[in-house]
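Trainee: Sequential numbering from 1 applies to the sequence shown in the UniProt record's numbering. For every residue, glycine included, the Cβ atom is placed at its ideal position computed from N, Cα and C.
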Amino acid sequence: MVGIDIEKILQLAPSPAYVVDLGRLRHNLAILDEVQKRSGAKILMALKAFSMWSLFPLIRETLHGVCASSPWEARLGREEFGREVHSFAAAFKESDVVELLAISNHLVFNSFNQLERFRPLWEKEKGRVSIGLRVNPEHSEGHTAIYDPCAPKSRLGIPRREFDGRSLEGVEGLHFHTLCEQLFEPLARTAKAFEEKFGAFLPGMKWMNLGGGHHITREGYDIDGLVELIKYFKGKYDLEVYLEPGEAIAIGTGVLVSEVLDVVKNEMEIAILDVSATCHMPDVLEMPYRPGITGGFDAGVKAHSYRLGGPSCLAGDVIGDWSFAQPLKPGDRLAFEDMAHYTMVKTTTFNGIQHPAICTFEPTSGELRVVRRFGYQDFKARLS
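1) Pick out the complete beta strand (DSSP E) segments inside the segment 263 to 341, 3 residues or longer, and give them in chain order.
2) Just to confirm the assignment, what range does the alpha helix (DSSP H) spanning His27 have?
3) Exposed or buried, which one is Val243 when buried takes at least 16 other CB atoms within 10 Å?
4) Just the C-alpha distance for Asp317 and Tyr306, rounded to the nearest angstrom, thanks.
5) I'd like the list of long-range same chain contacts for Gly204, defined as Cβ closer than 8 Å, with 5 residues on each side in sequence excluded.
6) Which residue or residues does DSSP assign as beta-bridge partners of Ile158?
7) Under 6 Å Cβ to Cβ from Phe379, same chain only, skipping five residues before and after it: list those, please.
8) Going by the DSSP bridge assignment, what does Gln182 pair with across the sheet?
9) When the Cα of Asp262 is compared with those of Met45, Gly309, Arg26, which residue comes out closest?
10) Output yes or no for whether 9 Å exceeds the beta carbon distance between Pro16 and Val275.
11) Between the C-alpha atoms of Asn105 and Glu141, what's the straight-line distance to the nearest angstrom?
12) What residues in its chain sit with their C-beta under 7 Å from that of Met240, if we drop five residues either side in the sequence?
13) Once DSSP output is grouped into helix, strand and coil, what is the label at Met344?
14) On the criterion of 16 or more Cβ atoms from any shown chain inside 10 Å, does Ala340 qualify as buried, or is it exposed?
15) By alpha-carbon positions, which one of Glu367, Ile293, Cys313 ends up nearest to Phe336?
16) By Cβ distance below 7 Å, which residues in the same chain neighbour residue 388 in space, the five residues on each side in sequence not counted?
17) Contact between the segment 154 to 166 and the segment 119 to 137 is defined here as three or more beta-carbon pairs at a separation below 8 Å; is this criterion met?
18) Could you give the residue range of the beta strand (DSSP E) that holds Phe88?
Here you go:
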């Protein structure tokens, strides 16, 4: 990974371990801060993608708050981040709404049914909590169906036709979230579709939220285009503009350190690691997704090819096939790249497999700090 001392991390880190490089994190935050300063937008961090709360003191120096998908995430944001908390879910229980109204700055509903059902609760907080609606522009830019909120029959966001005959009394903002790991151009096209369908409602709003899925800190992102788009909406409709990326905060910052436990043969060489696709990087199985490995290449490119798999009993706990310049042997360390976002937040303790430690690496001093180790009691406490 560019700008990260992988060799040093492999030497210092326990295995398995997630390691976040603080230099790369500061690099990403500087880019996001540039967007805020040039455009006037407020950027929030999506906790669903990255919730390493020990780093919140650093991140909150730049970002304006967090967006949460549940009362627990919102509480984490309120307690540990301490700035704005924006909350949304596909549907809420009454107890969720009561809790969220006490700790959120914005509360966004996914249907008119929920907006009206809970009106007696949120109207009491008028002036303190701003109420919004998530809309569905019905403009699909998603390349993977499971992550496309605008897919046919999607449960996420209110289509334009549902607005006919409905009251927007008390609603102060509109929110859409339609992207996934994408550059600026899909946002530009989506924003156009959004304005065509919902622009008539914006003059009566205080804010709009462009959601997440923006890879703003990825190389090649059109920062100038994003700034101009935000300025356009702010200037035309005189409202606050929010973005809530998750991955953009953590892109390129994380490494998952692993160790080879054994090498077996069944038609090909198979290396069994102390990390698991199903437990530690489930997007490998869900998307599917293929992470990068430092010094790893596609199978057949280098002299020694292996299938890499985890230690669980799941037959499909396979990370993929790679080749290496040198043969793998027990005790060798491998570094899976870009493993900060959608990793720690999605892990499980299936099979009682060791949960990776959580660490930081400070490139200026070369210090690796183990923030958290997990033991048997952490596993036991999730069960009863």
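Mentor: Taking the definition as stated:
1) 269 to 273, 304 to 309, 318 to 324, 333 to 337
2) 22 to 39
3) First, the residue type needs correcting, since residue 243 is Leu and not Val in the sequence shown. So Leu243 ends up on the buried side.
4) 14 Å
5) Excluding positions up to five away in sequence, the list reads Leu168.
6) Val135
7) The beta carbon of Phe379 sits closer than 6 Å to those of Thr349, Gly352, all from its chain and outside the five residues before and after it, given in chain order.
8) DSSP, once it has assigned bridges, lists His214 as partnering Gln182.
9) Gly309
10) yes
11) 29 Å
12) Position check: residue 240 holds Glu in this sequence, whereas Met was assumed. Closer than 7 Å at the Cβ level, and outside the excluded window around Glu240, lie Lys42, Lys206, Trp207.
13) helix
14) buried
15) Ile293
16) For the chain, the structure presents residues 1 to 384; residue 388 sits outside this window and is missing.
17) For the pair of segments examined, the segment 154 to 166 was found to touch the segment 119 to 137: the number of CB pairs separated by less than 8 Å reaches three.
18) 84 to 88
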